[in-house]
Amino acid sequence: MFRRSEQDKRPQVQIFVDGAAVAARQGDTVSAALLASSYDVRRSTAVSGAPRLPYCMMGVCFDCLVTIDGVGNRQGCLVPVTEGMQVEIQKGKREIGK
Amino acid sequence: MTMAPKREAYDVVVIGAGPAGLAAAATSAEAGLSTLLLDENIGPGGQVFRAVASTPVTDRNQLGADYWVGADLVQTLRASNAEIIQRATVWSLDRNLDIAVSVGGASAFVKAKRVILATGALERPFPIPGWTLPGVMTAGAAQTMLKSSALVPDGRTVIAGQGPLLWLLAAQILRLGGRIDRILDTTERGNYFAALPHAFAFLTSPYFAKGLSMMREVKAKVQVVSGVTELAASGDGQLASVSYVAGGKRETISADLLLLHQGVVPNVNLAMSAGIEHRWDDLQLCWSPVLDASGNSSIAGIAIAGDGAGIGGANAAVVRGRIAARAAVEALAPAAGAKLPSMAALRADLSKAERGRVFLDTLFRPSPQFRIPSGDTIVCRCEEVTAKDVLDAVAIGATGPNQLKAYRRTGMGPCQGRLCGLTVTELMAQARGKTPQEIGYYRLRAPVKPITLAELAAVPKSEDDIKAVVRG
Numbered sequence: 000m001f002r003r004s005e006q007d008k009r010p011q012v013q014i015f016v017d018g019a020a021v022a023a024r025q026g027d028t029v030s031a032a033l034l035a036s037s038y039d040v041r042r043s044t045a046v047s048g049a050p051r052l053p054y055c056m057m058g059v060c061f062d063c064l065v066t067i068d069g070v071g072n073r074q075g076c077l078v079p080v081t082e083g084m085q086v087e088i089q090k091g092k093r094e095i096g097k
Numbered sequence: 000m001t002m003a004p005k006r007e008a009y010d011v012v013v014i015g016a017g018p019a020g021l022a023a024a025a026t027s028a029e030a031g032l033s034t035l036l037l038d039e040n041i042g043p044g045g046q047v048f049r050a051v052a053s054t055p056v057t058d059r060n061q062l063g064a065d066y067w068v069g070a071d072l073v074q075t076l077r078a079s080n081a082e083i084i085q086r087a088t089v090w091s092l093d094r095n096l097d098i099a100v101s102v103g104g105a106s107a108f109v110k111a112k113r114v115i116l117a118t119g120a121l122e123r124p125f126p127i128p129g130w131t132l133p134g135v136m137t138a139g140a141a142q143t144m145l146k147s148s149a150l151v152p153d154g155r156t157v158i159a160g161q162g163p164l165l166w167l168l169a170a171q172i173l174r175l176g177g178r179i180d181r182i183l184d185t186t187e188r189g190n191y192f193a194a195l196p197h198a199f200a201f202l203t204s205p206y207f208a209k210g211l212s213m214m215r216e217v218k219a220k221v222q223v224v225s226g227v228t229e230l231a232a233s234g235d236g237q238l239a240s241v242s243y244v245a246g247g248k249r250e251t252i253s254a255d256l257l258l259l260h261q262g263v264v265p266n267v268n269l270a271m272s273a274g275i276e277h278r279w280d281d282l283q284l285c286w287s288p289v290l291d292a293s294g295n296s297s298i299a300g301i302a303i304a305g306d307g308a309g310i311g312g313a314n315a316a317v318v319r320g321r322i323a324a325r326a327a328v329e330a331l332a333p334a335a336g337a338k339l340p341s342m343a344a345l346r347a348d349l350s351k352a353e354r355g356r357v358f359l360d361t362l363f364r365p366s367p368q369f370r371i372p373s374g375d376t377i378v379c380r381c382e383e384v385t386a387k388d389v390l391d392a393v394a395i396g397a398t399g400p401n402q403l404k405a406y407r408r409t410g411m412g413p414c415q416g417r418l419c420g421l422t423v424t425e426l427m428a429q430a431r432g433k434t435p436q437e438i439g440y441y442r443l444r445a446p447v448k449p450i451t452l453a454e455l456a457a458v459p460k461s462e463d464d465i466k467a468v469v470r471g
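Just so you know, the sequences run in chain order A and B. All residue numbers for the first sequence refer to numbering that gives the first Met the number 0, where the first residue is 0 and numbers rise by one. All residue numbers for the second sequence refer to numbering that gives the first Met the number 0, where the first residue is 0 and numbers rise by one.
The following block contains the structure:
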């Protein structure tokens, strides 16, 4: 859906999405890194289980919710990637204890 | 920079580091007031100047001169004594000017003598059939990724809607080598005539020449369909096609990405939760705060600057930020105000920056069918409530948005009405034969952004706090 422009010379940052390594760039938000990866990163909603991807990328729609380093319901569009970050795609409601 | 505020109290706290917030905080700090700027994003700039201090898009022509103005504002601010905290989410503001802010998973409380809200705008909801499908995003979302990560659309891409941002985004995508298959322009034909009386001011504003050259640049490379009167996205769990009607003819095209845009509206959540009075704006079709000429709201000590004060664009936002900060300086340290540009000079700047705005508002006033959906189209994305659900609730007695919460949970999901509030107000107003002003809006309350119970429980408590809630 999206690709990186060649002029982007930022250093790579490796994150893990459901255990798989994904090459992100320093300064990417988690949501941007997910959308730039070739993986299926659709979450499913808590209400009906419908698949969703980020809609606004500016912190207002909450369709980018992900689990980051064990903490659920984070807005992926507001969190910058860090080396070794563990991202889990949320399926349905946030799990208790996460 | 992700650390708690250094002090418990400040002269001025500015919330939001977009055009208005950057200008306000710099003005306030330069006048010697202790100033704290809180911003939710990774870096300063807001949406218009998104990632201006870190963008990987280094060819300055690609994002345009208007974007790089932000770099100077950031530099001026950083050279001042203002304390700046990024990734700081303000979740409460009250009439005593007490502010609760979440930074790095912990909440802190600060008190201000003056608060300047510069929470800006968000894109107007665009509730068409299929707008919740993966692959449908706002134009602003694509622009955010373009500015902050140099990401451009790659698959079959359709841009639909209207307004200056749509053309700017299209030009930027093309300059960065991205793909756009078609642009569907939803500008209502009648709007051109309605806007005509305001054309003179627009023709003599800077918007005109820039807008025209951008539209030419885009039209030379992309097929543009104008007069689009219907729009729908469809696909099974993922966008597959976009269908539209133009000139009475329906067409369906395959698409991987649909970018929607029909203007921006004030981001009212924090201001409304503080209890600031808002009125329905019949021209801009949104809620705008009631403000005096210096941006002061109905709550003493809280001013609003930038697009949160009513949509005026980035240039106007910068000036409104300076005006609000100057008013704060006059109130708190009148002697320091003498060094700043006079209020009269700032107001002249503002009227210059606002030139042509009425024309744009009239020309790009979104059509009713793109604001007020029907049938199975989702209104509330979080709780997955359709237009029909809302109308059914009205039929059995729901009178306004707040009653509707009890019937259907609209606006009670994590976005707290940001993506459905305007639609619900207009839909209910139409169904009940009332004005949006009469129907009203959701009552918004803190926390205006979700925080965990653990974070709330970890907030330091005094003896009195505990006594207030513990029995015996």
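From the three backbone atoms N, C-alpha and C, an ideal C-beta is built for every residue, glycine too.
- Using a C-beta cut-off of 8 Å, the segment 279–288 of chain B makes contact with the segment 300–310 of chain B, since at least three inter-stretch Cβ pairs fall below that distance.
- The beta carbon of B:Gly355 sits closer than 6 Å to those of Ala200, Phe201, Ser204 and Tyr206, all from its chain and outside the five residues before and after it, given in chain order.
- Secondary structure note for B:Ile322: its alpha helix (DSSP H) is the uninterrupted segment Ala313 to Leu331.
- For B:Ala140, the C-beta contacts it makes with chain A under 8 Å involve Pro53, Tyr54, Cys55, Met56 and Met57, in order along the chain.
- Looking at the DSSP output, B:Thr385 shares a beta bridge with B:Ile377.
- DSSP places B:Ser240 inside the beta strand (DSSP E), whose first and last residues are Ser240 to Ala245.
- According to DSSP, residue pairing for B:His277 in a beta bridge involves B:Pro288.
- Where A:Pro79 is concerned, there is no enclosing beta strand (DSSP E), because DSSP gives it neither an H nor an E.
- By the Cβ neighbour-count rule, B:Arg444 is exposed, with fewer than 16 other Cβ atoms within 10 Å of its own.
- Within chain A, the residues whose beta carbon sits less than 8 Å from that of B:Pro55 are Ser4, Gln6, Asp7, Lys8, Arg9, Arg24 and Gly26, listed in sequence order.
- Per the DSSP secondary-structure output, A:Ala20 pairs in a beta bridge with A:Phe15.
- Secondary structure at B:Arg181: strand, using DSSP grouped into helix, strand and coil.
- Contact annotation: in the segment 396–419 of chain B, residues whose CB is within less than 8 Å of a CB in chain A are Gly412, Pro413, Cys414, Arg417 and Leu418.
- From the listed residues B:Leu455, B:Leu259 and B:Gly103, the smallest Cα separation to A:Tyr54 is found for B:Leu259.
- Taken through DSSP and simplified to helix, strand or coil, B:Tyr191 comes out as helix.
- A distance below 9 Å separates the beta carbons of B:Val56 and A:Ser4.
- With three or more CB-CB distances shorter than 8 Å, the segment 90–101 of chain B counts as touching the segment 267–277 of chain B.
- Secondary structure within the segment 30–89 of chain A: the beta strand (DSSP E) runs of 3 or more consecutive residues, fully enclosed, are 64–67, 70–74 and 85–88 (chain order).
- Scanning its chain for C-beta atoms nearer than 6 Å, with the 5 sequence neighbours on each side dropped, one finds around A:Ala23 the residues Val12, Ile14, Ala32 and Val80, in chain order.
- Annotated as distal: B:Ile182 and B:Leu145, with beta-carbon spacing of 9 Å or more.
- With respect to A:Val46, B:Glu329 sits apart: the two C-beta atoms are not nearer than 9 Å.
- Put simply, the backbone Cα of A:Lys8 is about 46 Å away from that of B:Arg408.
- At a cut-off of 9 Å between beta-carbon atoms, B:Pro449 makes contact with chain A.
- DSSP places B:Gly20 in the uninterrupted alpha helix (DSSP H) bounded by Pro18 to Glu29.
- Here DSSP, grouped into helix, strand and coil, assigns B:Gly160 to strand.
- Around the beta carbon of B:Met2, fewer than 16 other beta carbons lie within 10 angstroms, which makes this residue exposed.
- 9 Å or more divides the Cβ of B:Thr143 from the Cβ of B:Asp255.
- Counting along the chain, A:Phe1 sits inside no alpha helix (DSSP H); it lies in the beta strand (DSSP E) bounded by residues Phe1 to Arg3.
- The closest CA to that of A:Gly58, considering only A:Val70, A:Met0, A:Gly75 and A:Val16, is found on A:Gly75.
- Apart from sequence neighbours up to five positions away, the residues of its chain that approach B:Ile275 with a beta-carbon distance below 7 Å are Pro288, Ser296, Ser297, Ile298 and Ile301, ordered along the chain.
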